[in-house]
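Chemist: Here it is, the structure in full.
In the numbering used here, the protein residues as written are 39 to 167.
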């Protein structure tokens with residue numbers, strides 16, 4: 039069955055209408071990366087990072103601190119056997135106030151079969167809200 043038979047012609051016409059009404063507000067849904075000034079005094083480096091991590095959270099923290107602006111790719115987490123790193127990143131962001139940005143990994147040496155993210159640690163936000 040073709041999509042035209044499932045969806046009404048009126049809906050197809052509405053979706054394919056490229057003209058904008060004069061004065062209409064256009065909203066962009068693209069999330070831009072967080073750009074922080076590297077001289078931002080409100081972000082600090084963590085002080086409690088261990089050199090010999092004993093659990094997955096400590097491994098993730100050490101990866102972020104040691105890789106710095108280069109970021110930590112999905113592949114790096116997999117190489118360290120941390121499959122559920124997303125939950126650990128969430129904990130660092132929301133419970134320990136780590137500022138971690140996310141962007142596409144474009145490193146050709148990683149040979150990704152599909153788009154993968156890398157996570158860039160910016161610092162710890164100690165400001166109280």
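Just so it is clear, CB atoms sit at the ideal spot from N, CA and C, and this is done for glycine as well.
DSSP has residue 156 in a bridge; who is on the other side?
Modeler: 111, 141
Chemist: Under three-state DSSP, which class holds residue 99?
Modeler: helix
Chemist: Just list the residues that DSSP pairs residue 163 with in beta bridges.
Modeler: Partner residues in the beta bridge of residue 163, as assigned by DSSP, are 81.
Chemist: Could you check if residue 114 is buried or exposed, using at least 16 other CB atoms within 10 Å of its CB as the buried criterion?
Modeler: buried
Chemist: What residues in its chain sit with their C-beta under 6 Å from that of residue 145, if we drop five residues either side in the sequence?
Modeler: Correct list: empty, nothing qualifies.
Chemist: Shortest alpha-carbon distance to residue 159 belongs to which of 46, 108, 52?
Modeler: 108
Chemist: CB of residue 115 to nearest heavy atom of the ligand SAM: below 6 Å?
Modeler: With respect to the ligand SAM, the structure shown offers nothing to examine, as it has no ligands at all.
Chemist: Spatial neighbours of residue 74 within its chain, please: CB distance less than 6 Å, with the 5 preceding and 5 following residues excluded, ordered by chain position.
Modeler: The predicted model places residue 74 with a pLDDT of 46, which falls under 50 and marks its position as unreliable; any figure quoted below should be read in that light. 160, listed in sequence order.
Chemist: Touch check for the region 119–135 and the region 87–99: three-plus C-beta pairs under 8 Å?
Modeler: Here the region 119–135 lies against the region 87–99, with 3 or more beta-carbon pairs under 8 Å apart.
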